[in-house]
Amino acid sequence: MLAAVRAHARAIGFVIRLLPLFPARPTDWVTRAPVIERVSYPMRGGTVEGDLYRPPGRGPHPAIVLCLGVVPFGVDHPQIPRLEAALARFGFVALIHWSTAMRDRRLVPEDSENIPLAYDWLVRRPDVDPARSGLFGTCVGGSFALLAAAHPLIRDRVAFVGAFAPFSSMWTLARDIASRTRTTDASPEPWPVDPLTHDVFVRSMTDALEPREAERLRELCSTGSGQLDPTTLSVQGRAIYALLTAPDRDSAQLALERLPDVNRERLDAMSPLSHVGELKAPLVVVGHDRDDLVIPVGESRRLARALSGRRGAHYTEYAMFEHADPTRRKLAPLRLASELRKFYLSLYPLFRQTVA
0 MLAAVRAHAR AIGFVIRLLP LFPARPTDWV TRAPVIERVS YPMRGGTVEG DLYRPPGRGP
60 HPAIVLCLGV VPFGVDHPQI PRLEAALARF GFVALIHWST AMRDRRLVPE DSENIPLAYD
120 WLVRRPDVDP ARSGLFGTCV GGSFALLAAA HPLIRDRVAF VGAFAPFSSM WTLARDIASR
180 TRTTDASPEP WPVDPLTHDV FVRSMTDALE PREAERLREL CSTGSGQLDP TTLSVQGRAI
240 YALLTAPDRD SAQLALERLP DVNRERLDAM SPLSHVGELK APLVVVGHDR DDLVIPVGES
300 RRLARALSGR RGAHYTEYAM FEHADPTRRK LAPLRLASEL RKFYLSLYPL FRQTVA
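First residue of the sequence shown: 0, per numbering that gives the first Met the number 0; consecutive thereafter.
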C-alpha cells in the first residue's frame, strides 16, 4: 500500500516538474537537486560524450536511457535539462543518447546497435540497479528504444521500455509518407505529411546510395520541381526514385516491394513490429497523440495490437499533445485536467515498478 502511494506521488511530481505549464519551484522544494556528470561511453567505432543526471547518494538507483529522436531544436533546448532533472529528482539516473544520424535527420540501422551499447554502459555503473532500469524514447526515438530493448546484448536486463509517438514499421510508414495517406481505423485517408517527417523519410531512404546520387534525389525532393532522368541513376537509385515519386498508395507499395535486398534489410532492421516477439521487458508502455501529423497514430495502434494480451503492456492515446509537445495544444480546463490525469496514470506503472 505504501509503495503504491509513493509511486502515485512520484508520478504526479514528475509530471508537474516535467511540463512547462507548471512552475518547477514547488517540486524543487521537496526534492533534492540532481548531480550532473559529464560522461563518455562507447559506440560503434568510438565514444561519445553526454550529460548524466543522477540523484544524490550512492544508490543503487534505477536508470533510464532516453532517445528523443529527430527533434527540430538543438541539444541545448531548455526542455532537455528540465526532462533530465525531473527524472533525477524523482529517482532515476538519466542519460539522453543523441544519435549523430538522427541529428542529421537520418534513420539508420546502426542506432539499434548504438543505443544498446549506451544502455549496457549505463547499467554497469555501481550506482545503478540493472533490475529496475530501462529505456524510453519519443517519436522515432521511441521506435529505436523498442528495437534496442529487444537487442540480444541487453534484452535480459531491461526492466521497462517506453515509447511515445513511435512508428511500428518502416514499411508502412514509408508507404504512407510516399503516398501522403494514412490508415488509422479503416480505409486510408489523405495525410498532410509534416515537412520534417518527409525530409527524414527522403534522407533515410537515400542514405545507402552513393553520396552524389543521394544528394541529387534529396535536392529533387526538397525543391519539388525540376527534372531527373531515371536512366542516369544506378539500379538502386532508380528503385529509390520510384518510391520517392510514387503518385499514389498502390504505386508506393509496389515500389517498396521492388527495392533491392540491401534496402529491404534496412527497413526490416528499423521496424519494431518485426521484433516485438524478442522483447523480454516485463513492462512496455506506449502512448500517442491521437491527432498526430508527424507520425500517424495508426502506427502505435499496430504496436498495441501486437502487444495485446501481453502482461505488462500498456497503451494510451492523448489529446493534450501535438506530436510529443504538450505546449502547443490549448484545451479547456476540465479537458486539460482529464488529460493530465491520463498522462500521470500512464506513467504510474513505471514508477511503481522502479522507484517506489
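Beta carbons: idealized from backbone N, C-alpha and C, even for Gly.
Helix, strand or coil, according to DSSP, for residue i in the structure here?
{"i": "Ile11", "result": "helix"}
{"i": "His356", "result": "Residue 356 lies beyond the stretch modelled for the chain, which goes from 0 to 355, so this question has no answer here."}
{"i": "Ile239", "result": "helix"}
{"i": "Ile153", "result": "coil"}
{"i": "Ala62", "result": "strand"}
{"i": "Phe143", "result": "helix"}
{"i": "Arg53", "result": "strand"}
{"i": "Arg304", "result": "helix"}
To the nearest angstrom, how far is the alpha carbon of residue i from that of residue j?
{"i": "Tyr314", "j": "Leu339", "result": "16 Å"}
{"i": "Leu82", "j": "Pro325", "result": "13 Å"}
{"i": "Asp75", "j": "Ile114", "result": "21 Å"}
{"i": "Leu152", "j": "Gln235", "result": "32 Å"}
{"i": "Lys279", "j": "Val157", "result": "7 Å"}
{"i": "Arg174", "j": "Leu134", "result": "28 Å"}
{"i": "Pro348", "j": "Ala8", "result": "12 Å"}
{"i": "Asp228", "j": "Val275", "result": "41 Å"}
{"i": "Gly56", "j": "Arg31", "result": "10 Å"}
{"i": "Lys341", "j": "Gly161", "result": "16 Å"}
{"i": "Ala164", "j": "Glu256", "result": "26 Å"}
{"i": "Leu20", "j": "Phe320", "result": "13 Å"}
{"i": "Asp267", "j": "Ala147", "result": "14 Å"}
{"i": "Val284", "j": "Pro33", "result": "25 Å"}
Output needed for residue i: all residues of its chain with C-beta closer than 8 Å, excluding positions within five of it in sequence on either side, in chain order.
{"i": "Ala254", "result": "Ala177, Ala238, Ala241, Leu242, Ala245"}
{"i": "Gly308", "result": "none"}
{"i": "Ser233", "result": "Leu208, Glu209, Glu212"}
Shortest alpha-carbon distance to residue i belongs to which of the options?
{"i": "Tyr52", "options": "Arg248, Pro41, Leu65, Leu272", "result": "Leu65"}
{"i": "Pro71", "options": "Ala87, Thr196, Ala144, Ala8", "result": "Thr196"}
{"i": "Thr353", "options": "Gly140, Leu282, Val296", "result": "Leu282"}
{"i": "Leu67", "options": "Ala87, Ile95, Arg154", "result": "Ile95"}
{"i": "Gly286", "options": "Leu17, Gly136, Pro194, Arg104", "result": "Gly136"}
{"i": "Glu36", "options": "Val199, Thr99, Glu48", "result": "Glu48"}
{"i": "Pro187", "options": "Pro194, Leu172, Asp193", "result": "Leu172"}
Considering residue i, what are the terminal residues of the beta strand (DSSP E) in which it resides?
{"i": "Glu338", "result": "Taken as a continuous stretch (DSSP letters only), Glu338 belongs to no beta strand (DSSP E), being part of the alpha helix (DSSP H) at 332-353."}
{"i": "Phe200", "result": "No beta strand (DSSP E) contains Phe200, which is instead part of the alpha helix (DSSP H) from 194-204."}
Leaving out five residues on either side along the sequence, give the residues of the same chain with a beta carbon under 6 Å from the beta carbon of residue i.
{"i": "Gly58", "result": "Asp126"}
{"i": "Pro204", "result": "A small correction: the amino acid at residue 204 is Met; Pro does not occupy that position in the sequence shown. So the qualifying residues of the chain are Ile239."}
{"i": "Arg104", "result": "Val69, Asp198, Val199, Arg202"}
What span of residues does the alpha helix (DSSP H) with residue i cover, start to end?
{"i": "Ala312", "result": "No alpha helix (DSSP H) contains Ala312, which is instead part of the beta strand (DSSP E) from 312-317."}
{"i": "Pro165", "result": "Per DSSP, Pro165 belongs to no alpha helix (DSSP H) and is neither H nor E."}
{"i": "Met101", "result": "99-102"}
{"i": "Pro115", "result": "110-122"}
Near residue i, what residues of its chain come up, given a Cβ to Cβ distance below 7 Å and the 5 sequence neighbours on each side ignored?
{"i": "Cys220", "result": "Val201, Leu243"}
{"i": "Pro295", "result": "Asp175, Arg181, Thr183, Trp190"}
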